[in-house]
Amino acid sequence: MTGFAYLGALLLSLGGLALIDRRFRLAFWSHPRRTAICLGVGVVGFLLWDVAGLLLGIFARGESPHMTGLLLAPELPVEEAVFLTLLCYVALLAWRWFDRQAALRERYRREELGR
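So the mapping is simple: the numbering used here equals the position in the sequence shown, first residue as 1, plus 1392.
In structure tokens form, the structure reads like this:
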């Protein structure tokens, strides 16, 4: 059962991010199509980077009793794709939140100058 611990933690974290996204309507609950495209491009880009690193011998898969052992390709565990999805999603949510905060600050400054 410990073979699914890491994958389970990643999926639980993705679920938590989805709840934050839903609460603040940052990505999927604001622009679902754009978000899906953005995440897809990011994950595929990082997976291609991983494959290049594996082929060049820069990266190697480590063994752990907490991983499933399921592979997308030789030396590329399924957990890597889920982790990259988490990485891209958290980066997108952070960017959207900071962008929203900057817009609110700018609007506040304009209102203050207009007084």
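All C-beta atoms in this analysis are idealised placements derived from N, C-alpha and C, irrespective of residue type, glycine included.
Segments of 4+ residues assigned as alpha helix (DSSP H) that fall wholly inside the segment 1419 to 1483: 1424 to 1447
Neighbour-count burial assignment, leucine 1479, 16 or more Cβ in a 10 Å radius: exposed
Under 8 Å between C-beta atoms of leucine 1484 and leucine 1431: yes
Where aspartate 1413 falls, given that 16 or more other Cβ within 10 Å makes a residue buried: buried
Supposed close pair leucine 1409, valine 1470 - CB separation, criterion 8 Å: Rounded, the Cβ-Cβ distance is 19 Å, inconsistent with contact.
Per-residue DSSP class, three states only, for arginine 1414: helix
Straight-line gap, tyrosine 1500 to aspartate 1491 (C-alpha atoms, nearest Å): 14 Å
CA-to-CA distance, glycine 1434 to arginine 1415, given in whole angstroms: 23 Å
Closest by C-alpha distance to serine 1422, when choosing among Glu1498, Ala1494, Arg1488 and Ile1450: Arg1488
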